[in-house]
Amino acid sequence: MKRTTLLLTVVIVASLSARADEASKKVVLFDGKTLDGWIAEGASTHKPKDGDAKPVWSVNGEGNLFCDGSSFGFLRHGERKYKDFHFHVEFRMAKKCNSGIGIRTVAYDPKKSGDTRPSYACYEIQLLDDAGQSPSKKGTGSLYRYVAPASNPIKAAGEWNVMDIRCVGPHITIHFNGEKTIDVDQSTIATLKDKPLEGYLCLQNHGGKIEFRNLWVEELLP
11 MKRTTLLLTV
21 VIVASLSARA
31 DEASKKVVLF
41 DGKTLDGWIA
51 EGASTHKPKD
61 GDAKPVWSVN
71 GEGNLFCDGS
81 SFGFLRHGER
91 KYKDFHFHVE
101 FRMAKKCNSG
111 IGIRTVAYDP
121 KKSGDTRPSY
131 ACYEIQLLDD
141 AGQSPSKKGT
151 GSLYRYVAPA
161 SNPIKAAGEW
171 NVMDIRCVGP
181 HITIHFNGEK
191 TIDVDQSTIA
201 TLKDKPLEGY
211 LCLQNHGGKI
221 EFRNLWVEEL
231 LP
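Start counting the sequence shown at 11; every next residue gets the next number (our numbering).
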């Protein structure tokens, strides 16, 4: 191979690699130390019977994002809206926990809860302590009240779970503990076709303690 041809090949490969890097941007959403970049919506504090008011959302001694599980509300990540993305979440629940993950949603307003909570505004991916239960539209891994997952691979309370959520246009796929549990094109479903294709990411507090770690999002650009 001639030297000029070799150099041209190297330039082309480098150019394609640079374009690939530019086409996806991975952002770490939680640093394990602070709640920087997060906004508490709805209930942000609670008062135990034996002490002073404490925050619902905090960073615990293990460096995990911790939800005390009191009252109702959300922890939204910043002012950035995402359109096409890959959202990675790891979580560990206490017994009887009820939580969720909001995608492509709006800012939550307690006075307009019926319109602004993720399960109405766009989607809530349900998280429950329901290991061993059959999948359903209101069970773990569902697009709550709309789409049941293909399976329910959640682990018993106290064990870590991994969820990867990918949204590209109207197409939503979820891999949960290594299994593909959701694969849906909302444009083909009458009740979902008008759901927004861009919005915020958030975590839900709906009773019960839950921890999160390794939260990151990768924006998928054309």
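Note that the Cβ used here is the ideal one computed from N, Cα and C, for glycine as well.
- Query: In terms of DSSP beta bridges, what is T115 paired with?
  - Reply: The residue you call residue 115 lines up with position 105 of the sequence shown. T115 is bridged to Y210.
- Item | alpha helix (DSSP H) segment containing T198, residue limits | As a working note, residue 198 is residue 188 in the sequence shown. Unbroken run through T198: none, as it is neither H nor E.
- Message: Applying the 10 Å Cβ sphere with the 16-neighbour rule, what's the burial state of N70?
- Response: Residue 70 sits at position 60 when you count from the first residue of the sequence shown. It counts as exposed.
- Task: Would you check if the stretch 43–57 and the stretch 185–199 touch, i.e. whether three or more CB-CB distances between them fall below 8 angstroms?
- Result: no
- Message: Only counting the same chain, and skipping five residues up and downstream in sequence, which positions put a Cβ closer than 8 angstroms to that of K35?
- Response: Indexing the sequence shown from 1 puts residue 35 at position 25. Once the five neighbours on either side are set aside, the close Cβ partners of K35 are E228, E229, L231.
- Message: So if DSSP puts S68 in a beta bridge, which residue, or which two residues, is it bridged to?
- Response: Locating residue 68 in the sequence shown gives position 58, where the first residue counts as 1. Its beta-bridge partners are F76.
- Item | Where T44 falls, given that 16 or more other Cβ within 10 Å makes a residue buried | Taking the first residue of the sequence shown as position 1, residue 44 is located at position 34. Its Cβ having fewer than 16 others within 10 Å, T44 is exposed.
- Task: Taking 8 angstroms as the threshold, find out whether the stretch 113–131 comes into contact with the stretch 217–227 through three or more Cβ pairs.
- Result: no
- Message: Does L225 pass the burial test, meaning 16 or more other C-beta atoms within 10 Å, or should it be called exposed?
- Response: Locating residue 225 in the sequence shown gives position 215, where the first residue counts as 1. Buried.
- Query: Which residues share a DSSP beta bridge with E228?
  - Reply: For the purposes of this step, residue 228 is taken as the residue at position 218 of the sequence shown. K36, H96, per the DSSP bridge assignment.
- Item | Buried or exposed by the 16-neighbour rule on C-beta atoms within 10 Å, applied to F222 | Position 212 of the sequence shown, counted from the start, is the residue given in the question as residue 222. It counts as buried.
- Own chain, CB closer than 6 angstroms to G234, minus 5 neighbours either side, in chain order: Absent from the structure is residue 234, since the part of the chain shown begins at 11 and ends at 232.
- Message: So, for K203: in the same chain, excluding its five sequence neighbours on each side, which residues have a beta-carbon less than 8 angstroms away from its beta-carbon?
- Response: Translated into the one-based positions of the sequence shown, residue 203 becomes position 193. P180, Q196, S197.
- Per DSSP, what kind of secondary structure is T10 in: helix, strand or coil? The question about residue 10 has no answer, for the chain in this structure spans 11 to 232.
- What number of angstroms, rounded off, separates the C-alpha of K91 from the C-alpha of C212? To locate residue 91, count along the sequence shown from 1; it is residue 81. To locate residue 212, count along the sequence shown from 1; it is residue 202. Answer to the nearest angstrom: the Cα atoms are 11 angstroms apart.
- Message: Rounding to the nearest angstrom, what Cα-Cα distance links E208 and G168 in this structure?
- Response: Locating residue 208 in the sequence shown gives position 198, where the first residue counts as 1. Locating residue 168 in the sequence shown gives position 158, where the first residue counts as 1. Going by the C-alpha atoms only, they are around 33 angstroms apart.
- Message: If you follow the beta strand (DSSP E) that E51 is in, where does it begin and where does it stop?
- Response: Numbered from 1 along the sequence shown, position 41 holds the residue referred to as residue 51. Element bounds for E51: 48–52.
- Task: Using DSSP bridges, identify the partner residues of Q143.
- Result: The residue you call residue 143 lines up with position 133 of the sequence shown. Paired residues: none, contrary to the question.
- Task: Please confirm whether L138 and N171 have their CB atoms less than 8 angstroms apart.
- Result: Position 128 of the sequence shown, counting from 1, holds the residue named residue 138. Position 161 of the sequence shown, counting from 1, holds the residue named residue 171. Result no, Cβ atoms of L138 and N171 do not sit closer than 8 angstroms.
- Between the Cα of M103 and the Cα atoms of T183, I182, D174, F76, which residue gives the shortest distance? Along the sequence shown, one-based indexing puts residue 103 at 93. With distances taken between Cα atoms, M103 lies closest to F76.
- Query: Tell me which same chain residues have a C-beta within less than 8 angstroms of the C-beta of P233, skipping the five on either side of it?
  - Reply: Outside the displayed range of the chain (11 to 232) lies residue 233, so it cannot be described from this structure.
- Query: Which first and last residues belong to the beta strand (DSSP E) in which C177 is found?
  - Reply: Taking the sequence shown and counting its residues from 1, one reaches residue 177 at position 167. Segment 170–178, the beta strand (DSSP E) holding C177.
- Let me know if E89 comes out buried or exposed under the rule of 16 or more other beta-carbons within 10 Å of its beta-carbon. Looking up residue 89 in the sequence shown gives position 79. With fewer than 16 other Cβ atoms within 10 Å, it is exposed.
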